[in-house]
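Notes for the one structure printed next.
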Amino acid sequence: MVSSDAKQRMIRRVAREIEAGMTVNLGIGLPTRVIDHVDRDLSVCLHSENGIAGVGPSVTYEQADRNLIDAGGSYVSIQPGTAFFDSAVSFAMVRAGRLDLTILGAFEVAMNGDLANWMIPGLFTPGVGGAMELAQKARRVVIMMTHLDKQGHSKIVRECRLPITASACVNRIYTDLAVIDVDAQGLMLREIAQGISLDEVLAATEAPLQVADNELPTF
Amino acid sequence: MVSSDAKQRMIRRVAREIEAGMTVNLGIGLPTRVIDHVDRDLSVCLHSENGIAGVGPSVTYEQADRNLIDAGGSYVSIQPGTAFFDSAVSFAMVRAGRLDLTILGAFEVAMNGDLANWMIPGLFTPGVGGAMELAQKARRVVIMMTHLDKQGHSKIVRECRLPITASACVNRIYTDLAVIDVDAQGLMLREIAQGISLDEVLAATEAPLQVADNELPTF
Amino acid sequence: MTDKIVDIEAAIAVIGDGATIMIGGFGVPGTPFCLLDELVRQGPKGLTLIKNDANENGMGVDRLLLGNQVKKLIVSHIGLNSNAIKLMNEGRLEVELCPQGILAERIRNAGAGLFGFLTDIGIDTTLAQDKPRFEIDGRKLLLEKPLRADFALIHAAHADPLGNLLYAAAAQNFNPLMAMAAKHVIAETENLTAPGGLSPEAIHTPAPFVDRLVELPGLTEDYGVIRR
Amino acid sequence: MTDKIVDIEAAIAVIGDGATIMIGGFGVPGTPFCLLDELVRQGPKGLTLIKNDANENGMGVDRLLLGNQVKKLIVSHIGLNSNAIKLMNEGRLEVELCPQGILAERIRNAGAGLFGFLTDIGIDTTLAQDKPRFEIDGRKLLLEKPLRADFALIHAAHADPLGNLLYAAAAQNFNPLMAMAAKHVIAETENLTAPGGLSPEAIHTPAPFVDRLVELPGLTEDYGVIRR
Numbered sequence: 686m687v688s689s690d691a692k693q694r695m696i697r698r699v700a701r702e703i704e705a706g707m708t709v710n711l712g713i714g715l716p717t718r719v720i721d722h723v724d725r726d727l728s729v730c731l732h733s734e735n736g737i738a739g740v741g742p743s744v745t746y747e748q749a750d751r752n753l754i755d756a757g758g759s760y761v762s763i764q765p766g767t768a769f770f771d772s773a774v775s776f777a778m779v780r781a782g783r784l785d786l787t788i789l790g791a792f793e794v795a796m797n798g799d800l801a802n803w804m805i806p807g808l809f810t811p812g813v814g815g816a817m818e819l820a821q822k823a824r825r826v827v828i829m830m831t832h833l834d835k836q837g838h839s840k841i842v843r844e845c846r847l848p849i850t851a852s853a854c855v856n857r858i859y860t861d862l863a864v865i866d867v868d869a870q871g872l873m874l875r876e877i878a879q880g881i882s883l884d885e886v887l888a889a890t891e892a893p894l895q896v897a898d899n900e901l902p903t904f
Numbered sequence: 686m687v688s689s690d691a692k693q694r695m696i697r698r699v700a701r702e703i704e705a706g707m708t709v710n711l712g713i714g715l716p717t718r719v720i721d722h723v724d725r726d727l728s729v730c731l732h733s734e735n736g737i738a739g740v741g742p743s744v745t746y747e748q749a750d751r752n753l754i755d756a757g758g759s760y761v762s763i764q765p766g767t768a769f770f771d772s773a774v775s776f777a778m779v780r781a782g783r784l785d786l787t788i789l790g791a792f793e794v795a796m797n798g799d800l801a802n803w804m805i806p807g808l809f810t811p812g813v814g815g816a817m818e819l820a821q822k823a824r825r826v827v828i829m830m831t832h833l834d835k836q837g838h839s840k841i842v843r844e845c846r847l848p849i850t851a852s853a854c855v856n857r858i859y860t861d862l863a864v865i866d867v868d869a870q871g872l873m874l875r876e877i878a879q880g881i882s883l884d885e886v887l888a889a890t891e892a893p894l895q896v897a898d899n900e901l902p903t904f
Numbered sequence: 032m033t034d035k036i037v038d039i040e041a042a043i044a045v046i047g048d049g050a051t052i053m054i055g056g057f058g059v060p061g062t063p064f065c066l067l068d069e070l071v072r073q074g075p076k077g078l079t080l081i082k083n084d085a086n087e088n089g090m091g092v093d094r095l096l097l098g099n100q101v102k103k104l105i106v107s108h109i110g111l112n113s114n115a116i117k118l119m120n121e122g123r124l125e126v127e128l129c130p131q132g133i134l135a136e137r138i139r140n141a142g143a144g145l146f147g148f149l150t151d152i153g154i155d156t157t158l159a160q161d162k163p164r165f166e167i168d169g170r171k172l173l174l175e176k177p178l179r180a181d182f183a184l185i186h187a188a189h190a191d192p193l194g195n196l197l198y199a200a201a202a203q204n205f206n207p208l209m210a211m212a213a214k215h216v217i218a219e220t221e222n223l224t225a226p227g228g229l230s231p232e233a234i235h236t237p238a239p240f241v242d243r244l245v246e247l248p249g250l251t252e253d254y255g256v257i258r259r
Numbered sequence: 032m033t034d035k036i037v038d039i040e041a042a043i044a045v046i047g048d049g050a051t052i053m054i055g056g057f058g059v060p061g062t063p064f065c066l067l068d069e070l071v072r073q074g075p076k077g078l079t080l081i082k083n084d085a086n087e088n089g090m091g092v093d094r095l096l097l098g099n100q101v102k103k104l105i106v107s108h109i110g111l112n113s114n115a116i117k118l119m120n121e122g123r124l125e126v127e128l129c130p131q132g133i134l135a136e137r138i139r140n141a142g143a144g145l146f147g148f149l150t151d152i153g154i155d156t157t158l159a160q161d162k163p164r165f166e167i168d169g170r171k172l173l174l175e176k177p178l179r180a181d182f183a184l185i186h187a188a189h190a191d192p193l194g195n196l197l198y199a200a201a202a203q204n205f206n207p208l209m210a211m212a213a214k215h216v217i218a219e220t221e222n223l224t225a226p227g228g229l230s231p232e233a234i235h236t237p238a239p240f241v242d243r244l245v246e247l248p249g250l251t252e253d254y255g256v257i258r259r
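Residue numbers (the working numbering), protein chains in the order written: chain W, 686 to 904; chain L, 686 to 904; chain P, 32 to 259; chain S, 32 to 259.
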């Protein structure tokens, strides 16, 4: 079990991915929570697959507009300058390279950047949604996930065992234990969570990890 | 030279092609003039390739809106219920079969319904515009043209000599001399212009003509 | 003026057994719940539905599933409908999964009168298994085929009697695409204004795409905010 | 807020020799005459232009032709520009003609991040000569490839500083498609409002597609009604 404190630190760390003027898509679940930690003055444009550029903060049921949800079904608000469009335009934006960043959850990430986050055969097949397009076409693909699955196995693997969402698409992995870049040479450990040792990260990671520096920053 | 009287009669006759509730595209030139002879109560929806459904009557330069032209460059008005859209949607409407009728000009029509109206090699190549899509995809394609070209040659031919716009696309031909259907069996003469004899029509037509009835209606 | 307005019974009565039907909506916004309920009431069977999702349990598409009216779903996900997942896993419901943007684009491709498009989306995944492959200019690509339908059921916020439609906020989603792609397009609208009542520049679906229009007397609970 | 507004000189200065440029407009409506005039003033050469038409003599694109800045036109027709026809017939200007809707669709295909589409438009004509042919499900089809560009020059009636755009009446035409399809999109606007000043449902081109925005101090004569 990952402590909510560790999760919070991961979310806050991921929030630093987001820079002024970016157009960003946040995957369903944990990634959506990143936005609460982003400086509002950065004027980030949040894209939602169901046809919104400029998603505003979530709202309560009392404040909700029945026609205004994000792709995860949460009721959201709009901001000055929000635009609505159809699903074809929404994914045109994705495929034509207008998304600077997407932050997605994952079941597994392989050392070459392969991503599996849409299907666990026989167990759970809710569908694919927009995951393939986001993973394949956002200019930068960042994963945030727990380092280990519920059985305690590493989710950072040599090769994906689950059906992949897209191959060699991940640029960076954030977990409750570490920040890891997917480089041409393999996985590069960049940062370690507070209170975690290098040996603990290495032991928790199936795929080989290179260590960027003797003195890794913590988050 | 075709008399303006004969032209007027042709235009009035073509106007009877248009029925209530139709979506219609009128080609540049003579076809545009048909609309002035259509009963306004029929609520015809005029489509213009540049992104208008519901083109209204032409207007004077004084009344003109600089942003409101039809595909031929004439300043037009709108009607209650007009919609504007982009060029991709405009031709989606054409290709997906939402045009009930198009009325086009022609250089040549062949006995199998082949149409040539976009290019005279070496002489005049202004481009193709929307002609190919209109000819190929409108549910009904009606041609209005002079029966003879300026050299006095029949424009209704056995086979097109000019590069074609679309093959086997024409349903009916209106000329200053006759109304001719393109049937599975060939060209069928349906009506004759006032004051013109059957022999005159046959003599003016290169392609073989079948005569629908001994007593053809006149227009 | 040719009026496209009909009552809801007549609008749905044209749909027979075995029809392929596109249904607008992404979650609640844009889903034509009243047209769907009438489809449940009239009861045609063996339907193929093309929709982003299968709604949530007890609503919209799920009522068609509960009535055993559906043979096949072509969707991007069914994660919010446990009944649909169960029927699929039991082999009682055929489900074709499409990446969401590819689903949208296949519908639009039909609506644009085209016959397929080339993409690299999903090319390394199991979803690509049965799709024709091409190599064009050195790039490996899949051919995605257009999705056509006999009918489209559309939900609009505003309409005029000619069939011009406007969608509210995120209720646009698949509606304008499906309104282009089906042979016979049936729209329900919350509000009806006289021709000229909608700004010609703001219209999302131009009238020539729409065949029949149903004015809703009011909205059912399904259209409201869902409290989970 | 990240402001996309720049002055017209800086907006155009990024365009170098040999660039491929999409230009919105169908006749006068939607043509970005001020951006084109600045392109004439700055004078890059060897340009490939993608546009519906070549404007009329003495206006817009024709000024680029007169300045010998254009290598190639990809258009649907040039019938209103006798200078363009003459240059083409003299072999001094390469002209690629596309059926108008196929031109629009090729631009949109690029804008949608796709790699071509299948169509039967023009299949029996000389325009199909060099196009790859496929037979899919018994139907003979042409492969039309996407048209991509380095730059798009767009004319909007209204905009906000984020880059959301609205077009007037028939000035929409190719503008929203081109705004999706070019690597770097430069829009000029007649009116600029604060963010939130445009209805989110009425926006034609959403801000993420637009890179730079020029606020026009006024319109030149070219934008007006042409008396022939």
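The beta carbon of each residue, even a glycine, is placed where N, CA and C say it ideally should be.
Name the chain W residues whose beta carbon is nearer than 8 Å to that of residue i?
{"i": "P/S107", "result": "G812, V813, G814, G815"}
Using three-state DSSP, classify residue i as helix, strand or coil.
{"i": "L/Y760", "result": "strand"}
{"i": "P/F240", "result": "helix"}
{"i": "W/D866", "result": "strand"}
{"i": "L/T717", "result": "helix"}
{"i": "P/V92", "result": "helix"}
{"i": "L/E747", "result": "coil"}
{"i": "S/E221", "result": "strand"}
{"i": "S/S230", "result": "coil"}
{"i": "W/H722", "result": "helix"}
{"i": "S/L260", "result": "As shown, chain S starts at 32 and ends at 259. That puts residue 260 of chain S outside it, with no answer to give."}
Look at residue i and residue j and say whether their C-beta atoms are less than 8 Å apart.
{"i": "S/I52", "j": "S/L80", "result": "yes"}
{"i": "S/V92", "j": "S/I138", "result": "no"}
{"i": "L/I865", "j": "L/I849", "result": "no"}
{"i": "P/L208", "j": "P/H235", "result": "no"}
{"i": "P/R179", "j": "P/A210", "result": "no"}
{"i": "P/A213", "j": "L/R780", "result": "no"}
{"i": "P/L247", "j": "P/K35", "result": "no"}
Using a threshold of 7 Å, is the CB atom of residue i nearer than that to any non-hydrogen atom of the ligand COA?
{"i": "L/L894", "result": "By its list of ligands, the structure shown contains no ligand whatsoever, and the ligand COA lies outside what it can speak to."}
Whose Cβ in chain W lies nearer than 9 Å to the Cβ of residue i?
{"i": "P/A183", "result": "Under the 9 Å cutoff, chain W gives no residues; its nearest Cβ is about 14 Å from P/A183."}
Below 7 Å on C-beta distance, what does residue i contact in chain W?
{"i": "S/N195", "result": "G766, A768"}
{"i": "S/P231", "result": "I763, T767, A768, F769"}
Residue i touches chain S at which residues, Cβ-Cβ below 8 Å?
{"i": "P/L78", "result": "Ordered by position in chain S, no residue passes the 8 Å Cβ test against P/L78, which lies about 23 Å from the chain."}
Nearest CA to the CA of residue i: which residue from the options?
{"i": "S/D48", "options": "S/T220, S/D181, S/A199, S/E232", "result": "S/D181"}
{"i": "L/R725", "options": "L/E818, L/P765, L/F769, L/E747", "result": "L/P765"}
{"i": "S/A135", "options": "S/V126, S/S107, S/G144, S/I257", "result": "S/S107"}
{"i": "P/A183", "options": "P/G227, P/L66, P/G58", "result": "P/L66"}
{"i": "S/E219", "options": "S/A202, S/A143, S/K102", "result": "S/A202"}
{"i": "S/N88", "options": "S/K76, S/N114, S/N99, S/Q73", "result": "S/N114"}
Note the first and the last residue of the continuous alpha helix (DSSP H) segment covering residue i.
{"i": "S/G142", "result": "131-142"}
{"i": "L/R857", "result": "Counting along the chain, L/R857 falls outside any alpha helix (DSSP H), though it belongs to the beta strand (DSSP E) covering 857-859."}
{"i": "W/S689", "result": "689-700"}
{"i": "P/L208", "result": "206-212"}
{"i": "L/S733", "result": "Unbroken run through L/S733 is the beta strand (DSSP E), 730-733; no alpha helix (DSSP H)."}
Please list, in chain order, the chain P residues whose beta carbon lies closer than 7 Å to that of residue i.
{"i": "S/L172", "result": "F146"}
{"i": "W/L786", "result": "Here the premise fails: no neighbours, minimum Cβ distance about 17 Å."}
Residues of chain A with CB under 8 Å from residue i, in chain order?
{"i": "W/C730", "result": "Judged by its chain identifiers, the structure shown contains no chain A, and its protein chains are W, L, P and S."}
Name the chain S residues that come within less than 7 Å of residue i, Cβ to Cβ?
{"i": "P/T150", "result": "L145, F146"}
May I ask which residues mark the beginning and end of the beta strand (DSSP E) holding residue i?
{"i": "S/I116", "result": "No beta strand (DSSP E) holds S/I116; the alpha helix (DSSP H) holding it covers 113-120."}
Along chain S, in chain order, which residues have C-beta atoms closer than 9 Å to that of residue i?
{"i": "P/N222", "result": "Residues of chain S passing the Cβ test: none, with the nearest at roughly 14 Å."}
{"i": "P/E136", "result": "A143, L145"}
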